[in-house]
Amino acid sequence: MSDQTPDNPTHFHGPVVGSAVGGGTVNAENIAGRDINIHNHPAPVVEKPTFPLHQIAHPPNPNFTGREDILQQVADTLHAGQTTVVTQTIAGLGGIGKTQLALAYSYAHLNDYDLIYWLSADSEPGLAEDLMALARRLKLVPLNVTDQQAAVQALLHWLGQTSQRWLLVYDNADQIASPQLAPYLPRSGNGHVLVTSRNPNYGGLGRVLELGLFSLDEAVAFLFQRRGAKVERGSEAWGRRRNWRRRWGGCRWRWNMRRRMWKVKAAATPDTTSCSGNGKMSCGGGRKGRKWYHATITTTWELAFDEVKKTPGALDLLNLCCFLDPESIPLDLIRQIAKVGSRRASTLREIVADELALDDAVAALRRYSLMQRTDDEINMHRLVQAVARMQMGRAHTQDWAAAAVETIITTLPDWHHLHAWEAGPQILPHMIAAANLGENAGLKTERLAFLDNWSGLYLKFRGEFRTARPYYERALTISEKALGPDHPSTATCLNNLGFLLRAMGDLATARPYLERALAICEKTLGPNHPDTARSLNNLGFLLHDMDNLAAARPYYERALAINEKTLGSDHPHTATSLNNLGALLDSMGDLTAARPYYERALAICENVLGPDHPDTATSLNNLGFLLRAMGDLARARLYYERALAVRENALGPDHLDTANSLNNLAWLAYYEGNFAQSARLIRQTLAIRKKQLGPDHPDTINSRNSLAAIEAKLSP
């Protein structure tokens, strides 16, 4: 069967608006700091402490699961250096499990160290106090000593000289910058340093490991472990929970975030009773030990939001990104906000115009691990997005959702050149996210309908018909409410949804959409408008598919006459009408009459769109189909092979149009008597159609039946 290219009008009428959570919590910030000078240390007292001596801030977390690879990576890093102190920083978002990972490492390696000591590093004075307490425990200074600087210096000297194996954990080093922390770190000795911080900028002090989300399997294992259930990985129950977790990670729990966070905290917070066994290990001790139990993830992030407000544009950047996909957000996309007239985005528009200011805004968000940056892309935690959206009022939320929608729209290309849109695969997740989050925010605007319509268009272009459908349907619903049931943009939505349903094989359901679209165009735009011609063309194409050839012909002929008159004899839309009319004559058996329509359409496409455009491939394919029917198999192969090459290059090897070319070459080989080649090509066609359309689509069934018939020819 030949494959004609329908018109899919996408532009609305009217002006464009210018313009891996673990189970624990972490300390809330205690912002303080001062500079100190370290002088000579006093001689330590003679009395020696008893080892092993471990003071870990919290008991083991019985619900800790996953992170095996990360734990091994920490161990490999710390044990790589034998002659000098190795420092490993675990950086990441507040509440993602940095402290839990440090705890898990500490308890897993109790026998590797003579001393493990937990330090609160959320402020310089607090850190100095904890270091002085350790110096007292080690009997390096008298119990009544008050000189913190002298005590710290005595401790650092002892750590550099002792043969005891030691591990110091500097927990929650969020407010202390690298130069401030350095004087409190041992530079030599038989030990290791582990730092946990939301700030990833500790590379100068050692290796930084940025902790991300649980993998899906780790998250599922955690959930089953919390329930006390033993479920085999890969089982049906595991698969159900895995699918639920994938949706949950997509912010299904937006509506009750705080309650769920409290649940996670309550489930993962261990008992606060002492876990001292023999007097040599104490848990939960120290000046700030219990504060850890009372902070929530939400509170931690709210404090971070308050801090980033101090950097111009940082919070606005966060707000915009909350309405995009959290992964791989191109900075070039963020810069498009300069073209958007949102009142909320005025500061951000100024920031993106200054590269240094934009860098500062990103750096402020990175400082609290609210955002990560890799080259010219930024990434966010989905839960940060959800919590940040919770902080906005309804009006604020809708304004930023609308700004994200407009930002995406500014990137969209001419729809005739989707095959050459290099940024398309990268932008698509952000199109989908902005459209879905705009809907969640309560937007019911023409601009959201436009983006929904475009999302459906691009997904259909990629052959993802089932994924495209809900976006076309939502675009139609919004357009009917925002613009009215008889608006031309509503007709656009009807046309596109109807044509998608036709492509999915649901011809009967498609028909009323296309008929209603034509009625609107004729009524509001007139009988001779190009949009009316597109509706005529699409309805004719549907009737053609339904084998009602006589009924289809006047629609095609009228569409051709309108296009030639209003757009010109060399316009791509005229080529579409020529192609479709030629295909109709072909189907009616009038091959001689069909040929000049096909040849003229091919000439227009090659001259106007270029030899490598998908529409040119359609004309090549159709002309090849005609020549095959006329018995000229050698010339037909040349057209078929050229069409296949264009489609594989422009659309990809798994596109449905590529499958159509493979199908036509398969039948050409069949007529040539090359059954082995025919069967191979039909298998490729069947694989693509089954993947893109599903096993029960008429085209998939046709391919399956064709393969059976051809394989029968190969049987002895």
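Quick note, in the working numbering, the sequence shown goes up one by one and the last residue is 2195.
From the three backbone atoms N, C-alpha and C, an ideal C-beta is built for every residue, glycine too.
Here the structure is a predicted model, which means the values were calculated and not measured.
The alpha-carbon of MET1983 is positioned some 14 angstroms away from that of ILE2167. For THR1924, the closest alpha carbon among the candidates LEU1891, ALA1880 and THR1946 is that of ALA1880. Between the segment 1831 to 1848 and the segment 1786 to 1795 there are three or more C-beta pairs closer than 8 angstroms, enough to call the two in contact.
Just so you know, the alpha carbons of GLY1668 and LEU1835 end up roughly 41 angstroms apart. With contacts defined as CB atoms closer than 8 angstroms, THR1578 and GLY1685 fail to qualify as a contacting pair. Restricting attention to PRO1621, GLU1856 and ARG2126, the CA atom closest to the CA of ILE1808 is found in GLU1856. For the set LEU1986, THR1988 and ALA1783, the Cα lying nearest the Cα of ARG1677 is the one of ALA1783.
One alpha carbon belongs to GLU1943, the other to LEU1993, and they sit about 21 angstroms apart.
Contact check for LEU1936 and TRP1894: beta-carbon distance about 6 angstroms, within the 8 angstroms limit, so the pair qualifies. Nearest in C-alpha terms to HIS1860, of all of HIS2050, ILE1535, SER1848 and MET1910, is SER1848. In the structure shown, ASN1678 adopts coil according to DSSP, grouped into three states. Counting C-beta pairs with one atom in each stretch, the segment 2123 to 2142 and the segment 2168 to 2185 have three or more that are closer than 8 angstroms, which means they touch. In the structure shown, PRO2174 adopts coil according to DSSP, grouped into three states.
Fewer than three beta-carbon pairs drawn from the segment 1910 to 1921 and the segment 2098 to 2112 are found closer than 8 angstroms, and the two stretches are therefore not classed as touching.
When secondary structure is reduced to three states using DSSP, ASN1858 falls in the strand class.
Contact annotation: the segment 2076 to 2087 does not touch the segment 2124 to 2133, with fewer than three C-beta pairs closer than 8 angstroms.
Close CB contacts of SER1585 within its chain, under the 6 angstroms cut and outside five residues either way in sequence, are with ILE1535 and ILE1595 (chain order). PRO1604 and THR1826 have their C-alpha atoms roughly 36 angstroms apart. Of the residues GLY2019, ALA1947, ASP2026 and ALA2054, the one whose Cα lies closest to the Cα of LEU2172 is ALA1947. Close CB contacts of TYR1663 within its chain, under the 6 angstroms cut and outside five residues either way in sequence, are with LEU1606 (chain order). Assignment of HIS2052 by DSSP, reduced to helix, strand and coil, places it in the helix class. For LEU1557, the closest alpha carbon among the candidates ARG2183, VAL1674, SER1934 and LEU1922 is that of VAL1674.
A distance below 7 angstroms between beta-carbons, with the five flanking residues on each side excluded, links ASP2091 to the following residues of its chain, in chain order: VAL2125, ASN2128 and ALA2129. Secondary structure note for GLN1905: it is in no beta strand (DSSP E), and the uninterrupted alpha helix (DSSP H) holding it is 1903 to 1919. Nearest in C-alpha terms to LEU1799, of all of ALA1961, PRO1964 and GLN1877, is GLN1877. Within the same chain, PRO1892 come within 7 angstroms of TRP1900 by CB-CB distance, once the 5 residues on both sides are set aside. In terms of Cβ geometry, LEU1938 and ALA1989 do not form a close pair [threshold 8 angstroms].
The C-alpha of TRP2146 is placed about 10 angstroms away from the C-alpha of GLN2156. ILE1655 sits in coil when the DSSP states are folded into three classes, being neither helix nor strand. Take the alpha-carbon of ALA1583 and the one of VAL1564: they are about 21 angstroms apart.
In this structure, DSSP gives GLU1689 an extended state, which the three-state scheme calls strand.
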